[in-house]
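Have a look at the structure below, then the notes.
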Amino acid sequence: MHIENVQIKGIRAFPTENDVKVELGNVFTAIAGLNGTGKSTVLAVLGNVGNLHKKHASHLNGDPFRTELSEILKYDVGYDDSGGKAIVQFADDSSGMVDNIPPSGYLSFRSSIHSANNPTIKNGKKLDLRLDPRSRFRLIPQKKERPIPSEAKLDWPTYYLGLSRLFPVGETEDYSAIKTNLNEETYKVYSEKYRKILNIGQDVKNVGLITSASAARKKGSGVTTSSYGAVSNSAGQDNLGQIILAALSFKNLKESLGDRFRGGLLLIDEIEATLHPVAQTRLFDFLYETAKEVGFQVVCTTHSLSLLERISEVTHPKNDTVKIAYFRRTGSELEVVTNPSMAAIEADMNNQILAPGAASAYPRVFMEDDVARLVFRCIQQERFSDLQVRLPEGNLGWSSILMMANEFSAELSGALIVLDPDVSAEPENLITEKLSKSVFRHPKNELQRAEDRSILFLPGDRPVEEMLFNYFNKEGEFCEVYKLEALRAYQVNYYTLMNCDKMPKNLSQKKQYKWWFDMKPSEVQEALVRFWLLNANIELGEFEEAFRKNYQIVSRFT
Numbered sequence: 122m123h124i125e126n127v128q129i130k131g132i133r134a135f136p137t138e139n140d141v142k143v144e145l146g147n148v149f150t151a152i153a154g155l156n157g158t159g160k161s162t163v164l165a166v167l168g169n170v171g172n173l174h175k176k177h178a179s180h181l182n183g184d185p186f187r188t189e190l191s192e193i194l195k196y197d198v199g200y201d202d203s204g205g206k207a208i209v210q211f212a213d214d215s216s217g218m219v220d221n222i223p224p225s226g227y228l229s230f231r232s233s234i235h236s237a238n239n240p241t242i243k244n245g246k247k248l249d250l251r252l253d254p255r256s257r258f259r260l261i262p263q264k265k266e267r268p269i270p271s272e273a274k275l276d277w278p279t280y281y282l283g284l285s286r287l288f289p290v291g292e293t294e295d296y297s298a299i300k301t302n303l304n305e306e307t308y309k310v311y312s313e314k315y316r317k318i319l320n321i322g323q324d325v326k327n328v329g330l331i332t333s334a335s336a337a338r339k340k341g342s343g344v345t346t347s348s349y350g351a352v353s354n355s356a357g358q359d360n361l362g363q364i365i366l367a368a369l370s371f372k373n374l375k376e377s378l379g380d381r382f383r384g385g386l387l388l389i390d391e392i393e394a395t396l397h398p399v400a401q402t403r404l405f406d407f408l409y410e411t412a413k414e415v416g417f418q419v420v421c422t423t424h425s426l427s428l429l430e431r432i433s434e435v436t437h438p439k440n441d442t443v444k445i446a447y448f449r450r451t452g453s454e455l456e457v458v459t460n461p462s463m464a465a466i467e468a469d470m471n472n473q474i475l476a477p478g479a480a481s482a483y484p485r486v487f488m489e490d491d492v493a494r495l496v497f498r499c500i501q502q503e504r505f506s507d508l509q510v511r512l513p514e515g516n517l518g519w520s521s522i523l524m525m526a527n528e529f530s531a532e533l534s535g536a537l538i539v540l541d542p543d544v545s546a547e548p549e550n551l552i553t554e555k556l557s558k559s560v561f562r563h564p565k566n567e568l569q570r571a572e573d574r575s576i577l578f579l580p581g582d583r584p585v586e587e588m589l590f591n592y593f594n595k596e597g598e599f600c601e602v603y604k605l606e607a608l609r610a611y612q613v614n615y616y617t618l619m620n621c622d623k624m625p626k627n628l629s630q631k632k633q634y635k636w637w638f639d640m641k642p643s644e645v646q647e648a649l650v651r652f653w654l655l656n657a658n659i660e661l662g663e664f665e666e667a668f669r670k671n672y673q674i675v676s677r678f679t
């Protein structure tokens with residue numbers, strides 16, 4: 122089960138005249154926009170839909186899977202009012218629906234102001250409900266159309282990570298730290314993802330939970346290494362640890378509930394806070410992969426352009442798993458745009474006028490696998506960082522990519538194809554035949570129509586992994602690459618880099634090279650590719666020229 126969209130009217134920044142709809146991705150949604158546009162209100166409405174009693178399961182830090190509205194929205198004296206409305210649309214999937222959702226899938230809420238348990242007394246009288254700062258702002262589920270008439274929340278897990286998670290332990294003396302009791306598998310995944318996202322070479326010895334009386338809602342997550350303890354973690358480390366632990370809590374919940382698991386909702390306010398840009402993008406990759414595998418949704422707010430750029434690379438009209446909901450205010454009207462271009466986002470966030478033609482989506486570039494995308498990104502950053510593209514995920518052989526291009530030519534009018542270097546040795550007529558109905562052409566063929574563009578090949582003449590292996594094997598143990606921080610952090614030298622003792626037997630020669638490269642950490646892979654491109658006399662100029670030429674062609678159709 123997942124949430125498809127939420128409609129809000131008359132609550133906080135949302136106008137009373139009309140509903141504002143926010144579309145959600147089935148797996149991941151980033152809500153972005155300028156301050157004061159209502160992003161956190163969406164998190165509040167979503168978090169209010171459900172909770173899971175602690176008797177069923179709890180977060181790995183001991184918390185219940187519950188989001189309190191008051192965590193996100195405090196009663197705003199004299200301004201919050203009753204009468205606001207919200208409608209959350211649920212959709213069924215392979216996991217099934219939870220009980221007591223209306224058959225239509227729409228669950229409605231109304232806002233109301235409730236008296237506090239201990240109302241404020243002034244001059245011997247209770248303050249008016251709307252003037253009492255102790256009054257409570259609530260969103261009440263509507264009984265109408267529910268199979269069992271009730272104002273109760275759904276039995277569905279939600280968890281909210283607000284900005285209180287960033288309270289710095291170093292600025293308080295009333296903290297406590299205890300070691301978590303993570304099982305071996307959870308600890309292994311936590312350690313691996315934590316180190317990868319922050320690019321930390323040191324081993325994680327254990328994970329600690331940190332609490333503080335000064336910030337009652339904070340439950341920090343710190344790691345202990347050989348150099349420092351849990352309370353010495355930076356704010357960024359703490360933030361990342363809490364997010365990873367929350368995601369793994371949903372994984373643990375699914376394992377506990379088994380067939381009774383119906384998904385859930387992880388809400389994160391300002392997900393990028395205290396994290397550097399590379400860590401932000403790696404965190405997205407982790408959350409997206411984990412939520413997709415486990416079957417829960419992540420909804421976050423963000424102002425990070427680098428993070429939004431990474432997310433936009435995987436958004437597409439036919440991809441319902443990831444969406445960007447961008448909030449814009451024009452006068453008194455609030456507009457939510459689904460999956461706008463990065464050019465439009467950057468212009469709005471920087472308070473600039475959008476350049477003519479810049480609102481179109483960046484071209485997509487299809488490649489065979491992650492290694493090809495890594496080589497391309499490194500070349501892009503070195504030679505044409507001014508050209509923005511989207512790199513769809515996936516692994517397809519070159520023949521399958523050309524078949525797709527031939528059968529879906531219209532859908533790929535705003536796309537480019539970059540194939541592996543060794544494919545350039547394939548017969549020209551073979552490639553031409555595979556593209557007979559397409560706008561794509563072999564680079565040796567003339568472009569006759571305005572929409573025609575050439576397929577491109579990455580620089581070189583052999584598989585990338587083979588060229589990398591042969592280069593570093595020839596360079597030997599004194600190659601300057603081993604001085605790079607990325608390799609030093611993983612204790613990589615010539616002998617450990619070239620070691621193939623654990624290679625499975627009976628692999629073809631091509632797969633041997635691929636195995637050798639795939640076994641390296643992603644940070645090492647990237648460092649090797651960058652060094653190779655800059656030092657191995659790889660011809661980048663021709664590729665840059667061809668890419669720029671075809672980019673201009675495609676830009677007219679995106």
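Following this note's numbering from start to finish, the sequence shown increments by one per residue and tops out at 679. Don't be surprised by glycine CBs; every beta carbon is placed ideally from N, CA and C. As the structure is a prediction and not an experimental result, all values here were calculated from the model.
Opposing strand residues paired with Ala-73 [DSSP bridges]: The first residue shown for the chain is 122 and the last is 679, placing residue 73 beyond what the model contains.
Whole-angstrom distance between Phe-382 and Glu-125, CA atom to CA atom: As the crow flies, the alpha-carbon of Glu-125 is around 18 Å from that of Phe-382.
Between the CA atoms of Val-435 and Ala-536 - distance to the nearest angstrom: Distance between the alpha carbons of Ala-536 and Val-435 is about 14 Å.
Residue nearest to Pro-484 in terms of C-alpha spacing, selected from Glu-503, Thr-459, Ile-466, Leu-512: Answer by Cα proximity: Leu-512.
For Pro-278, the residue or residues it bridges with in DSSP: Under DSSP, Pro-278 takes part in no beta bridge, so it has no partner.
Distance between beta carbons of Thr-395 and Ala-356, contact taken as under 8 Å: In this structure Ala-356 touches Thr-395 by the C-beta definition: roughly 4 Å separates them, less than 8 Å.
Range of the contiguous beta strand (DSSP E) that encloses Glu-456: From DSSP, the beta strand (DSSP E) with Glu-456 extends over 454-459.
Every unbroken alpha helix (DSSP H) inside the stretch 477-560 [4 residues or more]: Here the runs fully enclosed are 491-504, 519-528, 549-555.
Sequence-distant residues of the same chain with beta carbon closer than 6 Å to Pro-461, five excluded per side: So the list reads Tyr-447, once near-sequence residues are dropped.
For Asp-573 and Leu-319, the rounded distance between their alpha carbons: Computed Cα separation, rounded: 43 Å.
Short Cβ contact (9 Å threshold) for His-408 with Thr-279: The question names His, but residue 408 is Leu in the sequence shown. Cβ distance not < 9 Å, so Leu-408 and Thr-279 don't count as in contact.
Closest residue to Val-457 among Gly-131, Asp-140, His-123, Gly-171 (Cα-Cα distance): Restricting attention to Gly-131, Asp-140, His-123, Gly-171, the CA atom closest to the CA of Val-457 is found in Asp-140.
Where Lys-565 sits in the DSSP three-state scheme: The answer is coil: DSSP assigns Lys-565 none of H, G, I, E or B.
Residues near Ser-425 by beta carbon distance below 7 Å, same chain, minus five either side: Apart from sequence neighbours up to five positions away, the residues of its chain that approach Ser-425 with a beta-carbon distance below 7 Å are Glu-393, Gln-401, ordered along the chain.
C-beta atoms of Leu-579 and Leu-540 nearer than 9 Å: Against a cut-off of 9 Å, the Cβ pair of Leu-540 and Leu-579 comes out as a contact.
At least three beta-carbon pairs within less than 8 Å, the stretch 244-260 to the stretch 225-236: These segments touch.
DSSP-derived helix/strand/coil call for Gly-146: Three-state result, Gly-146: coil.
Bridge partner(s) assigned by DSSP for Ile-193: DSSP, once it has assigned bridges, lists no residue as partnering Ile-193.
Selection from Gly-662, Met-122, Glu-666 that minimises the alpha carbon distance to Asp-380: Taking only the C-alpha atoms, the option nearest Asp-380 is Met-122.
Beta strand (DSSP E) segment containing Gln-128, residue limits: Where Gln-128 is concerned, the enclosing beta strand (DSSP E) stretches over 123-130.
Between the CA atoms of Glu-644 and Lys-632 - distance to the nearest angstrom: Inter-residue distance for Lys-632 and Glu-644 is about 21 Å (C-alpha atoms, whole angstroms).
Contacting residues, own chain, Cβ-Cβ under 6 Å from Lys-142 (five flanking each side not counted): Excluding sequence neighbours, Lys-142 sits near Asn-126, Gln-128.
First through last residue of the alpha helix (DSSP H) which encompasses Gln-358: Judged by DSSP secondary structure, Gln-358 falls within the alpha helix (DSSP H) whose first and last residues are 356-378.
Phe-668 - containing alpha helix (DSSP H), residue span: Element bounds for Phe-668: 662-676.
contact_flag[the stretch 129-138, the stretch 148-163] where n(CB pairs < 8 Å) is 3 or more: Proximity of the stretch 129-138 to the stretch 148-163 meets the contact definition, three or more beta-carbon pairs being nearer than 8 Å.
Same chain, Cβ closer than 6 Å to Ser-370, neighbours up to 5 away in sequence not counted: Listed in chain order, the non-local C-beta contacts of Ser-370 below 6 Å within the same chain comprise His-180, Leu-181, local neighbours out to five positions each way being set aside.
Delimiting residues of the beta strand (DSSP E) encompassing Ser-233: Ser-233 -> beta strand (DSSP E) spans 227-235.
Environment of Ser-521 [buried if 16+ CB atoms lie within 10 Å]: In summary, Ser-521 is exposed, with fewer than 16 beta-carbon neighbours lying within 10 Å of its beta-carbon over all protein chains present.
Counted within 10 angstroms of its Cβ, other Cβ atoms place Gln-363 as buried (16 or more) or exposed: With a threshold of 16 other beta carbon atoms within 10 Å, Gln-363 meets it and is buried.
Check: Val-544 C-beta below 8 Å from any heavy atom of the ligand NAD: The ligand NAD is not part of the structure shown, which contains no ligands of any sort.
Whole-angstrom distance between Gly-226 and Val-198, CA atom to CA atom: In this structure, the alpha-carbon of Val-198 lies about 34 Å from that of Gly-226.
Minimum C-alpha distance to Gly-154 - residue among Pro-224, Ala-468, Gly-245: Checked all of Pro-224, Ala-468, Gly-245; the closest Cα to Gly-154 is Ala-468.
Spatial distance of Phe-593 from Tyr-616 (CA atoms): Going from the Cα of Phe-593 to the Cα of Tyr-616 covers about 11 Å.
Spatial neighbours of Cys-621 in its chain, beta-carbon cut-off 7 Å, leaving aside the 5 residues before and after: Setting aside the 5 residues that flank it on each side, Cys-621 is surrounded in the same chain by Trp-637, each with a C-beta closer than 7 Å to its C-beta; the list follows chain order.
Complete runs of the alpha helix (DSSP H) confined to the stretch 562-602 [at least 4 residues]: The stretch 562-602 is shown to contain whole alpha helix (DSSP H) runs of 4 or more residues at 585-596, in chain order.
Asp-490 to Met-640 span [Cα, whole Å]: Cα-Cα distance, rounded: 15 Å.
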